[in-house]
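The block underneath contains the structure these notes are about, expressed in structure tokens.
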Amino acid sequence: MEEMKKFPNVFEEKKGRNIFYFIRTNDKKSFFEERVISKKGELFREVDPERSKLFASIAKGISQLGIKQDSKVLYLGASHGYTVSFLADVVCNGEIYALDFAPRVVRDLVFLCEDKKNVAPILDDANHPENYKDVVPKVDVVFMDIAQREQTKIFLKNCDMYLKEGGFGILALKARSIDVTRNPKDIFRITRSQLDVVMNVVDYRELAPFEQDHAVFVCKRKSSEPIDFLNIPSIVVDQKKNFLPRKEFSKPSFRKRH
Ligand SMILES: C[S@@+](CC[C@H](N)C(=O)[O-])C[C@H]1O[C@@H](n2cnc3c(N)ncnc32)[C@H](O)[C@@H]1O
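Read left to right, the sequence shown gives residues 1 to 258 (my numbering).
This is the structure in structure tokens:
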């Protein structure tokens with residue numbers, strides 16, 4: 001088993017054609033029925049990339065995530081805390097602000113936080129980042145996995161408010177939440193052009209076969225200036241079901257093809 005140089009506390013083990021991923025932990029406990037193994041006096045929890053877009057992006061070879069052991073992370077769409085539980089071990093000297101708007105799952109998060117002391121559960125709507133300004137500080141990483149139609153704008157609103165200059169924004173995008181009838185590649189292309197206006201997209205991976213029709217975008221803030229949302233093209237769907245950006249994009253490669 002070898003530690004992945006670019007991702008602290010993340011280890012990979014190659015067995016034949018299979019690769020298994022493990023996260024170094026201090027917990028003997030299995031939180032989601034995952035394997036916990038001991039090697040050379042250290043403990044490791046096995047993470048399944050089919051259950052986590054963050055770890056699927058690592059399995060797909062993402063070059064950087066900007067996550068360090070002492071990072072502060074705002075995690076939007078925490079659900080029951082599967083990925084959060086592993087991320088808490090990755091950022092073992094950092095903090096996670098784990099938010100979801102569904103009370104049932106936040107209840108599970110509260111239980112998780114009894115063991116993972118560096119996670120703070122928040123019951124709120126990611127579409128209203130002003131609601132949690134009293135509990136969330138400026139962070140090194142904003143991660144979002146909420147599967148909503150307006151997820152890119154919601155992501156940028158949170159980056160605008162909480163991401164430090166030089167911090168990383170990571171967007172896990174579910175194409176079919178934006179439009180179930182469209183080719184996911186079109187949606188990824190237009191999403192990227194939205195992000196490009198205000199962020200430097202430093203890497204991007206489609207997540208199949210771990211998650212069909214999903215992609216992860218890793219971005220860095222271009223500047224600490226407030227984001228001018230009027231400059232960001234919206235995705236609109238015309239009556240023939242063609243995606244049309246409302247504005248022309250600065251990058252020709254992302255202009256709508258006629
Ligand atoms: C796909 S699940 C997230 C899975 C989780 N990231 C993981 O890897 O374990 C999406 C979650 O986003 C939450 N969600 C959707 N829209 C939201 C919003 N506007 N604000 C907060 N949470 C939201 C849902 O309640 C759901 O729990």
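C-beta atoms are modelled at their ideal positions from N, C-alpha and C, and glycine is treated no differently. All values reported here derive from a predicted model rather than from experimental measurement.
Sequence-distant residues of its chain with Cβ nearer than 7 Å to residue i (five each side left out)
i	result
Leu163	Val139, Val142, Gly169, Arg221
Arg149	Ser177, Ile178
Ala88	Ile96, Lys116, Asn118, Val119
Residue i to residue j span [Cα, whole Å]
i	j	result
Glu42	Asp124	36 Å
Asn231	Val197	7 Å
Lys39	Lys133	42 Å
Pro8	Gly77	23 Å
Pro226	Asn200	15 Å
Phe11	Val84	17 Å
Asn93	Asp145	23 Å
Boundaries (first-last residue) of the alpha helix (DSSP H) holding residue i
i	result
Leu109	103-115
Ala215	Where Ala215 is concerned, there is no enclosing alpha helix (DSSP H), although the beta strand (DSSP E) it sits in stretches over 214-221.
Phe31	First-last for Phe31: undefined, no H or E at that position.
Ile178	175-178
Ile19	Counting along the chain, Ile19 falls outside any alpha helix (DSSP H), though it belongs to the beta strand (DSSP E) covering 18-25.
Closest Cα partner of residue i within the set the options
i	options	result
Leu99	Pro129, Lys116, Ile23	Pro129
Ser71	Asp108, Val119, Lys53	Val119
Phe86	Cys159, Val202, Lys117	Lys117
Thr152	Val202, Phe217, Asp115, Asp213	Phe217
Arg192	Leu109, Lys15, His80, Leu171	Leu171
Neighbourhood of residue i by C-beta distance below 8 Å, restricted to the same chain and skipping five residues each side
i	result
Val36	Thr25, Asp27, Lys28, Lys29, Ser30, Leu43, Phe44, Arg45, Glu46
Proximal residues to residue i (C-beta, below 6 Å), its chain only, five neighbours per side dropped
i	result
Asn127	Ile154
Ala215	Leu173, Phe188, Glu206
Glu50	Phe210
Limits of the unbroken beta strand (DSSP E) element including residue i
i	result
Ala98	95-100
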